[in-house]
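**Student:** I have a structure I would like to understand better, so I am pasting it below and will then ask my questions one at a time.
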Amino acid sequence: MYADYAYLIVAMPVLAFVLCIFFGWHLPKGGGFFTVLATFGGLILSLGIFKEIYPDKIVHQSIPWFANFNVGILIDPLAIVMLLMVTFVVTLIHTYALGYMDGDPGAARYFAEAALFTAAMLGLIYSDNLLQLFIFWELVGLCSFLLIGFWYRKPSAAAAAKKAFLTTRVGDVLFLAALVLLYNNMASLNLALKPGEYLLQFPVIYAHIAQIPPTQLTFIALCLLGGAVGKSGQFPLHVWLPDAMEGPTTVSAMIHAATMVTAGVYLVARMFPLFYAAPNALTVVALIGAFTGLFAATMGLTAFDIKRVLAFSTVSQLGFMMAGLGVGAAVGVAAVGVSIFHLIGHSFFKALLFLCSGSVIHAVGTNDMREMGGVGKYMKWTAYTMLIGSLSLAGFPLFTGFFSKDEIIKIAYEYGVQINYLPYIMLICAATLTAIYTFRLWFVAFTGEPRSDYHKHESPWIMIGPLVLLAVFALGFGFFAQSGFYQYLDTNFEHYGVDFHALGVIGGHISEAGAAGGEGAGEPFIVKILPYIIAIGGILVAMLFYYWHKLDPGLVTSERDPIRRLLLKGYYQHEIFTAWFAETVVYGVAILFNLIDIKIVDGVLNKISEVTVGFGGNLRKVQTGVVQNYITAVVLGIVVLVIVIEIGMKVGL
Amino acid sequence: MNYISLMIAIPLIGAIISFFTRTRAQARMVALIASLVPLAISLQMYMGFDKTSKIMQFVESYTWIPSIGVKYTVGVDGIGLPLVLLSTIVSVLVIIYSWGEDKRPNQFFALLLLNEVGVLGVFTALDFFLFYIFWEIVLIPMFFLIGVWGGPRKDYAAIKFFIYTHVASLVMLLAIFALYFTYHMPDGSRTFDMLTLLQATADPKIFPPGLLNIIFAGLLLGFLVKMPAFPFHTWLPDAHVEAPTAGSVVLAALLLKMGGYGIFRVILPILPHVNKIFVTVIAIIAVLSIVYGAFLALAQKDLKKMVAYSSVSHMGFVTLGAVAFTWMSIQGAMFQQFSHGLITCVLFMSAGTIQHTVGTRVIGDLGGLADRMPKFAFLMLAGFLASLGLPGMSGFVAEFMVLTGSYATLPVFTMIVVFTSIAVTAGYHLWATQKVLFGPILKKYLQVHDAHSYELFSMSMIILLAILFGVRPNLITDIMGVAAYQVMGPVVTLTQMGVI
Amino acid sequence: MIPVELYILLASIMFTIGLYGLVTQRNGIKLMMCIELLLNSANINLVAFSANQPNVDGQVFALFSIALAAAEAGVGFAILISLYRLYGTIELDNINALRW
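Protein chains in written order, with our numbering: chain A, -15 to 637; chain B, 64 to 563; chain C, 4 to 103.
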């Protein structure tokens, strides 16, 4: 019964968007309660649907749209867990925003855009076909553009918004290419579709993956991956994500935790059968993911901006999720459950961390952690909820992040045993660095003496409440939900009858005869305890430097250290991408074309008209306007004519 | 009911009345009424249109000049009707947008109405003679709109526009004459009937390949210049930059569509019978228009010029979709015509509003206008997003259909377009909006006020339509689906359809 | 009876003189006189042929022509007088305001 109203999950936030944009200006808090109610309604509906379909049903509704396409709703285990997570986290973030955005003159605009953002993300999750997913995907990009540029009077915010949109747009181009390729490959199979079936519907795609040529599958998978890389801030398209904190902190929380960046991971998970069947595609996913995990973690070590540290940690954790999917080449479809579990756990503690940092920034008035110090004394709730979030992010045993990250590292090890140890090594390093930079942040900001004069007060309850709820989930979700979650998600593709063994043969992961690799029971002891060691060890290292002050960071690095400069500058990616590629190469080509257009294309035209006009100008001199000349010409003409006729007659023509 | 004749006649009468009015209030009221009536008629036609039928509908046919086989034949099918609808919608909105026109308002509105007459005639004429007359009628109001109400270099722009497109039209006319003089009716007489002549081109005994290739090239040139496609596009930026806002809107939204309409109506039925090299040539032209136009737009400093080049780029999708010759791509190309016609209005209206409230269109001199013009900024942003192909608005549907459909026959060209132009397109749209609207407000613009209500009304209507057709593209694509089949199949004459 | 050839000869001489004057002269009055010569040479021909083969049509035409010539002379001289008032000359070479 709830499933019949599934469309409301998107429709309600859209309605909230309309209400806020037209009436929010006259309402207290910019009409933000519309947005909160709409998302909360979505949460209730999602819970109702979950209750109906758990454990073995799915919801699929579809109506025709235009040409060969449809719109539809597909709620399977993968979609429902995402729906629950997004509605839950976003409801809390919106509630928090009621306090955080209070008094901002643009609050109505904020809540309108936030509602649209939520709607787009929810629509993306339960789309039943790839085109619809792409449309919501782009709308998510649009909303991120609007929200990152929320304070549009700030040039840096406007620039960051543009950068976010354009960078993700590069990924979207690849996604679009994937759509075009996939559609044409499906169309060329000449399938006899039943009524209500469309070429780009996921069930139809799943059913016919095996018929598409493997090389085409690899192209499609890599293009899809390109889209995911753009949206999920993977290397090399992650450059927009650290800048995206130019928006209000709640926006960062939404982008980094619940919406937007998870879309890329979700896309790969949604298309996992295709990736699994495409030779080499998952290897690329694993390598990009693991590399991003390590790469971003190194940058997180040096940043001073509290939100920037968190942003790099998001990039890094998304790398973990991608790697988790990528190593599915070895462990099969179980990788989807592992990766999505980390995604959801991460969204709890990352939302928590961002909202806490928002709370701190709200009080202190700066993002720079060097100016904070000792905040914990005055903001107890914020400090301890943030501590829970940090422990979870660092992977401290028994916290949510430990269970989810540990599992990814474990399957990465299996992948190493079977195929390649590189992802495993990079992930281990990244996990260690994660623990260090997370606690560097916490210790520097919350302990020690105040380093500047700031407002020493706790945030209002409407902001603290969501923090506490999120902290509960960041603490307990992993412990209580893990096994049930894996079981539930493992059934996801059974609903469509996807034969992973056959697909694995096409993808070259498993031989025709054998089962999918070893069960991985024989992990050495060191591999089993390594996650404990790196989590606790990393935290201890951070304590040595930043809490007990036994060691001076200056011992390791100095202002002039080139490696540090490289990290601070984000490996000069901004310089390479924006300054060199966008401004020099693309704009240079544009200028060159402009020159060609003016000088050659238009120049030839003007030359032609010049010649014509010149010819006419000379010819008109013949027309003297003196009647006598004309008469002379007439007389001479007659004489010539007469002579010619006479001669003609003589000759006898 | 003689819907079509009525629809063409009323703006014509309105133009004459408007011309002789004394005050601006009278002129614009006459114009509004004379454009609302055709809108009502075209909506009535849309309602009464049989979406599944393959025959021409609302056909009227009268003998006109029997001695040379000229008839007054008008009618619409799935190719023409969306464009008729577009013309009537845009005409109304552009008249509302120009509500505050001060300079010779009676003549201004008369010319806008006359323009509507010509455009509607082109989209409905089924006789080459009639078609050509309407085709040329359109030049006159546009020439005067640019030449009288234009900017500093209006004389140059008006003459360039007139001569360039006129020369192309003459080449087209020669090709039409070649068709006319080559084909005999069974009874020995000659005809200008469009469908009869197009059907005859399929017969190599009547039109030997060599001759048909030449005819085809002539027709193609006429349409490509109007589109405009690379390398025949240079009249467009000049004309746009100098034209008044209403002129630019009409030029981009309607006049360019005449070229596209010609492609579907005349070029595609002949395409299967001419040398295959033409497909490659047209595809190259299309891809160059898209990519080159996008890069050129990026290089422009004048907002209006940027928008003008974006038109070149977007119209390239029409050419690409048409020449790819698949059901999906043709439909997409037709939809792109409709969609671009709507969206480009907002873009030119934005440029126009900025010009007359702020006084400059140079992107580098603008900044932070969202601060003083919030409503305008919202609409302009929406328009630019629609133009860059944001899903949920009509532009995306069109481009997606073109790209998806074209890949089947022109995979390489399609992929070139996808990988080079789409990100660049997003780039210049965003760069311009960001520079113009966002950032701190410049001191010199502190006194700027928001746009007039009638301007905001026109823009918001178009945004709503763009969203409507982005969410429910089937309102239009249902009609085009049948038309696309028709375009790909053999031509059927009105007599064979049983219409006359 | 004078043979018609002599009339034609006279008319030819007059026509040639008129044409010569028309081509070489620049003075407005002289041009008018030359045009009169041309017209009258035509009239002579008309009348001569009319008398030669009994038919009055030619003489009627000649009368028309004379009337026309009078009108032409009236308009022409009026224009010349206006030009003289405007420019102070009737040398046509100097009157070139409308020339390129």
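Note that beta-carbon positions come from the ideal geometry of N, C-alpha and C, so glycine has one too.
Could you give the DSSP three-state label for residue 311 of chain A: helix, strand or coil?
**Tutor:** Looking at residue 311 of chain A - three-state DSSP - the assignment turns out to be coil, as it is neither helix nor strand.
**Student:** Count the other CB atoms within 10 Å of the CB of residue 498 of chain A; is the residue buried (16 or more) or exposed (fewer)?
**Tutor:** Residue placement at residue 498 of chain A is poorly supported in this model, since its pLDDT is 47, which falls under 50; the coordinates still yield a value, given next. Under this definition residue 498 of chain A is an exposed residue.
**Student:** Below 8 Å, how does it come out for the region 390 to 401 of chain A and the region 306 to 316 of chain A: are there three or more Cβ pairs, yes or no?
**Tutor:** In short, these stretches touch, since the Cβ pair count reaches three.
**Student:** Thinking C-beta only, is residue 314 of chain B closer than 8 Å to residue 205 of chain B?
**Tutor:** Result yes, Cβ atoms of residue 205 of chain B and residue 314 of chain B sit closer than 8 Å.
**Student:** Under 8 Å, with one C-beta from each stretch per pair, do the region 597 to 608 of chain A and the region 371 to 382 of chain B reach the 3-pair mark?
**Tutor:** No, the region 597 to 608 of chain A does not touch the region 371 to 382 of chain B.
**Student:** Quick one: grab the DSSP three-state call for residue 351 of chain A.
**Tutor:** Three-state DSSP puts residue 351 of chain A in coil, outside helix and strand.
**Student:** Threshold first: 4 residues or longer. Then list the alpha helix (DSSP H) segments lying entirely within the region 186 to 213 of chain B, N to C.
**Tutor:** As far as the region 186 to 213 of chain B is concerned, its whole alpha helix (DSSP H) runs of at least 4 residues are 191 to 200, 202 to 212.
**Student:** Have a look at A/57, A/-15, A/115, A/237 and flag the residue whose alpha-carbon is nearest the alpha-carbon of residue 78 of chain A.
**Tutor:** That would be A/237, whose Cα lies nearest to the Cα of residue 78 of chain A.
**Student:** Which chain A residues sit within Cβ distance under 8 Å of residue 481 of chain B?
**Tutor:** The answer, in chain order, is 157, 160, 161, 164.
**Student:** For residue 290 of chain B and residue 264 of chain B, what's the separation of their Cα atoms in angstroms?
**Tutor:** If I take the Cα positions, the gap works out to 24 Å.
**Student:** Taking any Cβ of chain A, which residues in the region 427 to 455 of chain B have a Cβ under 8 Å from it, in chain order?
**Tutor:** So the list reads 431, 433, 434, 448, 453, 454, 455, given in the order they occur along the chain.
**Student:** Should the region 354 to 361 of chain B be regarded as contacting the region 473 to 489 of chain B, the criterion being three or more beta carbon pairs within less than 8 Å?
**Tutor:** Taking 8 Å as the limit for Cβ pairs, the verdict is that the region 473 to 489 of chain B does touch the region 354 to 361 of chain B.
**Student:** Which residues mark the beginning and the end of the alpha helix (DSSP H) in which residue 48 of chain A is found?
**Tutor:** Where residue 48 of chain A is concerned, there is no enclosing alpha helix (DSSP H), although the beta strand (DSSP E) it sits in stretches over 43 to 48.
**Student:** Whether or not the region 120 to 131 of chain B and the region 546 to 556 of chain B are in contact is what I'm after, with contact meaning three or more pairs of Cβ atoms, one per stretch, closer than 8 Å; do they touch?
**Tutor:** Too few Cβ pairs lie closer than 8 Å, so no.
**Student:** Among residues of its own chain, excluding the 5 on either side of residue 195 of chain A, which ones have a beta-carbon nearer than 8 Å to its beta-carbon?
**Tutor:** Result list for residue 195 of chain A: 173, in chain order.
**Student:** Could you give the residue range of the beta strand (DSSP E) that holds residue 54 of chain A?
**Tutor:** Where residue 54 of chain A is concerned, the enclosing beta strand (DSSP E) stretches over 54 to 59.
**Student:** Which word fits residue 90 of chain C, buried or exposed, when buried means at least 16 other C-beta atoms lie within 10 angstroms of its C-beta?
**Tutor:** With fewer than 16 Cβ atoms within 10 Å of its Cβ, residue 90 of chain C is classed as exposed.
**Student:** Between residue 146 of chain B and residue 401 of chain B, how many whole angstroms is the CB-CB distance? I'm expecting something under 8 Å.
**Tutor:** Right, their Cβ atoms sit about 7 Å apart.
**Student:** Please state the DSSP three-state secondary structure of residue 127 of chain B.
**Tutor:** Reduced to three states, the DSSP call for residue 127 of chain B is strand.
**Student:** Which residues of chain A have a Cβ atom closer than 8 Å to the Cβ of residue 294 of chain B, listed in chain order?
**Tutor:** Per Cβ cutoff of 8 Å: 585.
**Student:** Using 8 Å as the threshold, is the C-beta distance between residue 35 of chain C and residue 79 of chain C below it?
**Tutor:** The answer is yes: Cβ separation under 8 Å.
**Student:** Looking at chain C, which residues of the region 593 to 619 of chain A have a Cβ within less than 7 Å of any of its Cβ atoms?
**Tutor:** Residues 604, 609, 612, 615, 616, 619.
**Student:** Which value, in whole angstroms, describes the spacing of the CA atoms of residue 511 of chain B and residue 429 of chain B?
**Tutor:** Answer to the nearest angstrom: the Cα atoms are 12 Å apart.
**Student:** Pull up the CB-CB distance for residue 435 of chain B and residue 504 of chain B, whole angstroms please, since I reckon it's below 8 Å.
**Tutor:** Correct: roughly 6 Å between the Cβ atoms.
**Student:** CB-CB under 8 Å to residue 437 of chain B, same chain, minus the five flanking residues each way: which ones, in chain order?
**Tutor:** Only 513 meet the Cβ criterion.
**Student:** Using a C-beta cutoff of 8 Å, does residue 146 of chain A count as contacting chain B?
**Tutor:** Chain B contact via Cβ: present.
**Student:** At least one CB of chain A closer than 8 Å to the CB of residue 369 of chain B: is that the case?
**Tutor:** Cβ-Cβ to chain A under 8 Å: no for residue 369 of chain B.
**Student:** Which same chain residues, not among the five before or five after residue 371 of chain A, have their C-beta less than 7 Å away from its C-beta?
**Tutor:** Excluding sequence neighbours, residue 371 of chain A sits near 426.
**Student:** Grouping DSSP H, G and I as helix and E and B as strand, with all else coil, what is residue 567 of chain A?
**Tutor:** Looking at residue 567 of chain A - three-state DSSP - the assignment turns out to be helix.
**Student:** Could you round the C-beta distance between residue 366 of chain A and residue 331 of chain A to whole angstroms and report it? I think they count as a contact, below 8 Å.
**Tutor:** Residue 366 of chain A to residue 331 of chain A, Cβ: 19 Å. No contact.
**Student:** Where do the ends of the beta strand (DSSP E) carrying residue 134 of chain B lie?
**Tutor:** Residues 133 to 139.
**Student:** Where do the ends of the alpha helix (DSSP H) carrying residue 467 of chain A lie?
**Tutor:** Run containing residue 467 of chain A: 445 to 474, per the alpha helix (DSSP H) assignment.
**Student:** Alpha carbons only, please: which of B/342, B/310, B/248 is nearest the one belonging to residue 367 of chain B?
**Tutor:** Selected option, being the one with the closest Cα: B/310.
**Student:** Within 8 Å (strictly less), CB to CB, does residue 504 of chain A reach chain B?
**Tutor:** At residue 504 of chain A, the pLDDT of 49 sits below 50, so the modelled position is not reliable; the number obtained from the coordinates is stated separately. It does not; no Cβ of chain B falls within 8 Å.
**Student:** With DSSP as the reference, please indicate the residues paired to residue 425 of chain B in a beta bridge.
**Tutor:** Answer is B/365, bridged to residue 425 of chain B.
**Student:** Going by DSSP in three states, residue 6 of chain A sits in which element: helix, strand or coil?
**Tutor:** DSSP places residue 6 of chain A in helix when its eight states are reduced to three.
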